Amino acid sequence: MAWDVLAALPETYLTARGALDALGVESGGRLLIRGGTSSVGMAAASIAAGRGVETAGTTRRPDKIDALAAAGVDHVVVDDGGSGAASVRAVWPEGPDYVLDLIGASTAVDSLHLVRRGGAVCLAGTLSGWVIPDFEPIALIPSGTTLTAFHSDNLKGSAGTAVLQQVVHEVEAGAYRPNIDRVFGLGDIVAAHRYMENNKATGKLVVVP
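Have a look at this one:
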């Protein structure tokens, strides 16, 4: 496996695997991925598709719809700056069984009310910041609904070795995609950051020496 391909796997696939396990995602379930064109979102879509899970993924950019479909997403929801609730309800009137929220602080409460009653929400990304202002758990978490979180530190080092090896085998077998958007040389690190900050990436950016 090429180094740039291997470099794209740990943070994305280990985070996605851990988050889906935290949600308790099972075959036949319905999963909404908020922030679907992030590298972790695309990895989660690939894993979920392999588990027989029906998926929907959100994006703010219509030009990224094809990339989500190629990653294995069944339903693409274009988020126009709102919650996208109407579009999600059009697909699943009762809401998804699980929500993987990679946007974080600005969408967490909305995700709790979008998931079906008794479903689960996992925060595994902070694209919109780390803090949820004025969060009152009893008032804002619907009764019976689960809110959990996953951090990639839980699988760092030797703790993630076995899982990463499984991911490598799945990529080699063609079951998972590395979802690399672009590879930059170390001398182009400034351009890489500008590319990322301008939200141009669909998937993972890798920097090589």
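Residue 72 in our numbering sits at position 86 of the sequence shown, with consecutive numbering throughout.
Where is the CB? At the ideal position from N, CA and C, for every residue including glycine.
All values reported here derive from a predicted model rather than from experimental measurement.
Asked, Found
"Whole runs of the beta strand (DSSP E) within the stretch 119 to 143, excluding any shorter than 3 residues", "132 to 135"
"Cα-Cα separation, residue 32 to residue 53", "12 Å"
"Length of the line joining the Cα atoms of residue 107 and residue 193", "32 Å"
"Of the listed residues 137, 17, 177, nearest to residue 38 (C-alpha basis)", "17"
"Closest by C-alpha distance to residue 63, when choosing among 27, 43, 91", "43"
"For residue 84, three-class secondary structure by DSSP", "strand"
"First through last residue of the beta strand (DSSP E) which encompasses residue 17", "16 to 20"
"First through last residue of the beta strand (DSSP E) which encompasses residue 183", "Where residue 183 is concerned, there is no enclosing beta strand (DSSP E), although the alpha helix (DSSP H) it sits in stretches over 175 to 183."
"Collapsed DSSP secondary structure at residue 3 in the structure displayed", "helix"
"Helix, strand or coil at residue 44 [DSSP, three-state]", "strand"
"C-beta contact flag for residue 191 and residue 182 at 8 Å", "yes"
"Boundaries of the beta strand (DSSP E) in which residue 95 is found, first to last residue", "Residue 95 -> not in any beta strand (DSSP E); alpha helix (DSSP H) instead, spanning 94 to 100."
"Continuous beta strand (DSSP E) stretch holding residue 167: start and end", "166 to 171"
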